[in-house]
Amino acid sequence: MKRPNALQLCFLAFCAALNLIGGTIALMLRLPIYLDTLGTMLSAALFGPLWGMVPGLISGLISGFTSDIYALYYIPVQLIIGFLTGCVFSKRNPKGWRLVPAAAMISLPGTVVSSAITAFVFGGITSSGSTVLVQLLHGFGMNLTLAVCMVQAATDYVDRILVLALTLAVLSLLPGSIRYHLQKGDVRHGSL
1105 MKRPNALQLC
1115 FLAFCAALNL
1125 IGGTIALMLR
1135 LPIYLDTLGT
1145 MLSAALFGPL
1155 WGMVPGLISG
1165 LISGFTSDIY
1175 ALYYIPVQLI
1185 IGFLTGCVFS
1195 KRNPKGWRLV
1205 PAAAMISLPG
1215 TVVSSAITAF
1225 VFGGITSSGS
1235 TVLVQLLHGF
1245 GMNLTLAVCM
1255 VQAATDYVDR
1265 ILVLALTLAV
1275 LSLLPGSIRY
1285 HLQKGDVRHG
1295 SL
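Mapping of the sequence shown onto the working numbering: position 178 corresponds to residue 1282, and the numbering continues sequentially without gaps.
In C-alpha coordinates form, the structure reads like this:
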(Lines of atoms letter the chains of each structure in order from A and count residues from 1; the text may use other names and numbers.)
(Lines give C-alpha, C1' and ligand atoms only; values in the text may rest on other atoms or scores of the structure.)
Protein backbone atom coordinates (compact mmCIF):
# COMPACT_ATOMS: atom_id res chain seq x y z
CA MET A 1 0.00 0.00 0.00
CA LYS A 2 1.67 3.14 -1.28
CA ARG A 3 1.49 6.46 0.53
CA PRO A 4 -0.97 8.75 -1.26
CA ASN A 5 0.18 12.00 -2.81
CA ALA A 6 -1.50 15.37 -2.24
CA LEU A 7 -3.96 14.93 -5.13
CA GLN A 8 -5.05 11.52 -3.86
CA LEU A 9 -5.41 12.81 -0.28
CA CYS A 10 -7.58 15.69 -1.50
CA PHE A 11 -9.73 13.25 -3.44
CA LEU A 12 -10.12 11.01 -0.38
CA ALA A 13 -11.24 14.07 1.62
CA PHE A 14 -13.67 14.96 -1.18
CA CYS A 15 -15.06 11.41 -1.03
CA ALA A 16 -15.56 11.71 2.73
CA ALA A 17 -17.45 14.97 2.10
CA LEU A 18 -19.64 13.16 -0.47
CA ASN A 19 -20.53 10.60 2.20
CA LEU A 20 -21.44 13.36 4.65
CA ILE A 21 -23.58 15.22 2.12
CA GLY A 22 -25.40 12.08 0.96
CA GLY A 23 -26.03 10.90 4.52
CA THR A 24 -27.27 14.32 5.59
CA ILE A 25 -29.68 14.53 2.65
CA ALA A 26 -31.10 11.08 3.42
CA LEU A 27 -31.36 11.89 7.12
CA MET A 28 -33.05 15.25 6.65
CA LEU A 29 -35.54 13.89 4.11
CA ARG A 30 -36.10 10.76 6.27
CA LEU A 31 -35.49 8.55 3.23
CA PRO A 32 -35.56 4.79 3.79
CA ILE A 33 -32.15 4.60 2.08
CA TYR A 34 -28.85 5.98 3.34
CA LEU A 35 -26.83 7.57 0.48
CA ASP A 36 -23.79 7.77 2.77
CA THR A 37 -21.46 5.50 0.80
CA LEU A 38 -20.98 7.28 -2.54
CA GLY A 39 -17.56 8.58 -1.55
CA THR A 40 -16.59 5.23 -0.07
CA MET A 41 -17.51 3.38 -3.25
CA LEU A 42 -15.91 6.01 -5.50
CA SER A 43 -12.59 5.91 -3.66
CA ALA A 44 -12.65 2.11 -3.54
CA ALA A 45 -13.27 1.96 -7.29
CA LEU A 46 -10.27 4.21 -7.93
CA PHE A 47 -7.81 3.25 -5.21
CA GLY A 48 -8.70 -0.30 -4.21
CA PRO A 49 -9.97 -1.97 -1.05
CA LEU A 50 -7.69 -0.51 1.62
CA TRP A 51 -7.81 3.15 0.60
CA GLY A 52 -11.49 2.67 -0.20
CA MET A 53 -12.19 2.31 3.50
CA VAL A 54 -10.69 5.70 4.42
CA PRO A 55 -13.59 8.02 3.41
CA GLY A 56 -16.09 5.83 5.28
CA LEU A 57 -13.99 6.00 8.43
CA ILE A 58 -13.52 9.77 8.17
CA SER A 59 -17.16 10.55 7.36
CA GLY A 60 -18.39 8.18 10.08
CA LEU A 61 -16.25 9.91 12.68
CA ILE A 62 -17.17 13.43 11.56
CA SER A 63 -20.88 12.67 11.29
CA GLY A 64 -20.87 10.78 14.57
CA PHE A 65 -19.24 13.63 16.48
CA THR A 66 -21.19 16.47 14.86
CA SER A 67 -24.68 15.52 13.74
CA ASP A 68 -25.64 11.84 13.97
CA ILE A 69 -24.26 9.81 16.89
CA TYR A 70 -25.56 6.62 15.27
CA ALA A 71 -22.95 6.99 12.51
CA LEU A 72 -20.18 6.04 14.93
CA TYR A 73 -21.69 2.62 15.48
CA TYR A 74 -22.03 1.96 11.75
CA ILE A 75 -18.38 2.69 10.87
CA PRO A 76 -17.67 -1.06 10.53
CA VAL A 77 -20.33 -1.19 7.80
CA GLN A 78 -18.60 1.65 5.94
CA LEU A 79 -15.30 -0.23 6.18
CA ILE A 80 -16.86 -3.45 4.87
CA ILE A 81 -18.47 -1.60 1.95
CA GLY A 82 -15.21 0.15 1.06
CA PHE A 83 -13.24 -3.07 1.17
CA LEU A 84 -15.75 -5.11 -0.84
CA THR A 85 -16.29 -2.38 -3.44
CA GLY A 86 -12.53 -2.22 -3.94
CA CYS A 87 -12.43 -6.00 -4.39
CA VAL A 88 -15.31 -5.92 -6.91
CA PHE A 89 -13.69 -3.14 -8.97
CA SER A 90 -10.27 -4.81 -8.87
CA LYS A 91 -11.78 -7.84 -10.64
CA ARG A 92 -14.00 -6.01 -13.15
CA ASN A 93 -16.06 -2.89 -13.70
CA PRO A 94 -19.69 -3.84 -12.90
CA LYS A 95 -21.55 -2.23 -15.79
CA GLY A 96 -25.01 -3.04 -17.11
CA TRP A 97 -26.62 -6.15 -15.69
CA ARG A 98 -23.48 -6.91 -13.63
CA LEU A 99 -24.50 -4.03 -11.38
CA VAL A 100 -27.18 -6.19 -9.73
CA PRO A 101 -24.96 -9.08 -8.52
CA ALA A 102 -22.13 -6.65 -7.68
CA ALA A 103 -24.49 -4.68 -5.44
CA ALA A 104 -25.53 -7.93 -3.75
CA MET A 105 -21.91 -8.94 -3.11
CA ILE A 106 -21.15 -5.52 -1.65
CA SER A 107 -24.40 -5.29 0.32
CA LEU A 108 -24.80 -8.70 1.97
CA PRO A 109 -21.91 -8.70 4.50
CA GLY A 110 -22.61 -5.09 5.47
CA THR A 111 -26.29 -5.91 5.90
CA VAL A 112 -25.50 -8.68 8.35
CA VAL A 113 -23.36 -6.33 10.45
CA SER A 114 -25.75 -3.36 10.24
CA SER A 115 -28.76 -5.55 11.09
CA ALA A 116 -26.98 -6.84 14.18
CA ILE A 117 -26.07 -3.30 15.24
CA THR A 118 -29.59 -2.00 14.64
CA ALA A 119 -31.35 -4.88 16.40
CA PHE A 120 -29.06 -5.56 19.33
CA VAL A 121 -27.49 -2.18 20.07
CA PHE A 122 -30.41 0.12 19.27
CA GLY A 123 -33.44 -2.15 19.57
CA GLY A 124 -34.55 -1.30 16.02
CA ILE A 125 -34.69 2.49 16.57
CA THR A 126 -32.13 4.62 14.71
CA SER A 127 -32.09 8.01 13.00
CA SER A 128 -32.69 6.45 9.59
CA GLY A 129 -35.95 6.70 7.68
CA SER A 130 -36.06 2.89 7.53
CA THR A 131 -36.84 2.84 11.26
CA VAL A 132 -40.45 3.67 10.41
CA LEU A 133 -40.66 0.49 8.30
CA VAL A 134 -39.12 -1.58 11.10
CA GLN A 135 -41.59 -0.24 13.65
CA LEU A 136 -44.49 -0.79 11.27
CA LEU A 137 -43.59 -4.45 10.74
CA HIS A 138 -42.93 -4.93 14.45
CA GLY A 139 -46.29 -3.31 15.24
CA PHE A 140 -48.00 -5.87 13.00
CA GLY A 141 -46.58 -8.63 15.19
CA MET A 142 -43.33 -9.50 13.45
CA ASN A 143 -40.34 -10.31 15.64
CA LEU A 144 -38.17 -7.18 16.03
CA THR A 145 -34.94 -8.87 14.91
CA LEU A 146 -36.65 -10.34 11.85
CA ALA A 147 -38.23 -6.97 11.01
CA VAL A 148 -34.84 -5.25 11.29
CA CYS A 149 -33.17 -7.89 9.11
CA MET A 150 -35.85 -7.73 6.41
CA VAL A 151 -35.95 -3.95 6.24
CA GLN A 152 -32.17 -3.65 6.45
CA ALA A 153 -31.66 -6.18 3.65
CA ALA A 154 -34.16 -4.45 1.36
CA THR A 155 -33.04 -0.88 2.04
CA ASP A 156 -29.32 -1.74 1.95
CA TYR A 157 -29.66 -3.52 -1.39
CA VAL A 158 -31.65 -0.68 -2.99
CA ASP A 159 -29.17 1.82 -1.56
CA ARG A 160 -26.16 -0.13 -2.88
CA ILE A 161 -27.64 -0.43 -6.38
CA LEU A 162 -28.40 3.30 -6.46
CA VAL A 163 -25.02 4.36 -5.06
CA LEU A 164 -23.14 1.90 -7.28
CA ALA A 165 -24.94 3.33 -10.33
CA LEU A 166 -24.02 6.85 -9.17
CA THR A 167 -20.42 5.74 -8.68
CA LEU A 168 -20.26 4.41 -12.23
CA ALA A 169 -21.80 7.65 -13.51
CA VAL A 170 -19.24 9.78 -11.66
CA LEU A 171 -16.38 7.57 -12.88
CA SER A 172 -17.56 7.93 -16.48
CA LEU A 173 -17.62 11.73 -16.08
CA LEU A 174 -14.04 11.90 -14.78
CA PRO A 175 -11.62 12.87 -17.56
CA GLY A 176 -9.15 10.10 -18.37
CA SER A 177 -6.16 12.22 -17.41
CA ILE A 178 -7.57 12.96 -13.95
CA ARG A 179 -8.48 9.32 -13.43
CA TYR A 180 -4.96 8.30 -14.48
CA HIS A 181 -3.32 10.77 -12.09
CA LEU A 182 -5.57 9.66 -9.24
CA GLN A 183 -4.98 5.95 -9.77
CA LYS A 184 -1.28 6.02 -10.63
CA GLY A 185 -0.27 8.86 -8.33
CA ASP A 186 1.68 10.46 -11.17
CA VAL A 187 1.34 14.23 -10.87
CA ARG A 188 4.27 15.31 -13.04
CA HIS A 189 3.30 17.96 -15.52
CA GLY A 190 5.65 17.68 -18.43
CA SER A 191 8.96 15.87 -18.64
CA LEU A 192 12.45 16.49 -17.29
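Ideal Cβ placement from N, Cα and C applies to all residues, glycine included. Since the structure is predicted, the reported quantities are computational estimates derived from the model, not experimental observations.
Original post:
What first and last residue would you give for the alpha helix (DSSP H) that runs through Pro-1205?
Top reply: Here residue 1205 corresponds to residue number 101 of the sequence shown, with the count starting at 1. 1203 to 1220 is the span of the alpha helix (DSSP H), which, as asked, contains Pro-1205.
Subject >> Selected residue, minimal CA-CA separation from Pro-1159, among Ile-1173, Pro-1136, Pro-1180, Ser-1171 >> reply: For the purposes of this step, residue 1159 is taken as residue 55 along the sequence shown, with counting starting at 1. Out of Ile-1173, Pro-1136, Pro-1180, Ser-1171, the CA that lies nearest to the CA of Pro-1159 is found in Pro-1180.
Subject >> Distance, Ala-1257 Cα to Ala-1251 Cα >> reply: Numbered from 1 along the sequence shown, position 147 holds the residue referred to as residue 1251. Numbered from 1 along the sequence shown, position 153 holds the residue referred to as residue 1257. Approximately 10 Å, taken between the alpha carbons.
**OP:** Assign Val-1238 to buried or exposed, taking buried as 16 or more other Cβ atoms, counted over all protein chains shown, within 10 Å of its Cβ.
**Re:** As a first step, residue 1238 is located in the sequence shown; it is residue number 134 there, counting from the start. Around the beta carbon of Val-1238, 16 or more other beta carbons lie within 10 angstroms, which makes this residue buried.
Original post:
If you draw a straight line from the C-alpha of Ala-1130 to the C-alpha of Ile-1173, how long is it?
Top reply: One-based indexing of the sequence shown puts residue 1130 at position 26. One-based indexing of the sequence shown puts residue 1173 at position 69. Rounded to the nearest whole angstrom, the C-alpha separation of Ala-1130 and Ile-1173 is 15 Å.
Original post:
How close, in whole Å, do the beta carbons of Leu-1203 and Trp-1155 come, if the pair is a contact with beta carbons under 8 Å?
Top reply: Translated into positions along the sequence shown, residue 1203 becomes position 99. Translated into positions along the sequence shown, residue 1155 becomes position 51. Contact flag wrong, Cβ pair sits at about 22 Å.
Original post:
In chain order, what residues of the same chain lie with their CB nearer than 7 Å to the CB of Thr-1249, ignoring the 5 residues before and after it?
Top reply: If you number the sequence shown from 1, residue 1249 lands on position 145. The residues are Ala-1223.
**OP:** Go to Gly-1280, then tell me how far its alpha helix (DSSP H) extends in each direction, as first and last residue.
**Re:** Position 176 of the sequence shown, counted from the first residue, corresponds to residue 1280. For Gly-1280, the enclosing alpha helix (DSSP H) has its first and last residue at 1280 to 1288.
Original post:
What three-state label does DSSP hand Leu-1136 in the structure shown?
Top reply: Position 32 of the sequence shown, counted from the first residue, corresponds to residue 1136. It is worth fixing the name first, because residue 1136 is Pro in this sequence and not Leu. Secondary structure of Pro-1136 (DSSP, three-state): coil.
Original post:
Which residues in the same chain have their Cβ closer than 7 Å to the Cβ of Val-1262, if we skip the five residues on either side of it in sequence?
Top reply: On the sequence shown, residue 1262 is found 158 positions in, with the first residue counted as 1. Excluding residues up to 5 positions away in sequence, Ile-1137 lie with their Cβ nearer than 7 Å to the Cβ of Val-1262 in the same chain.
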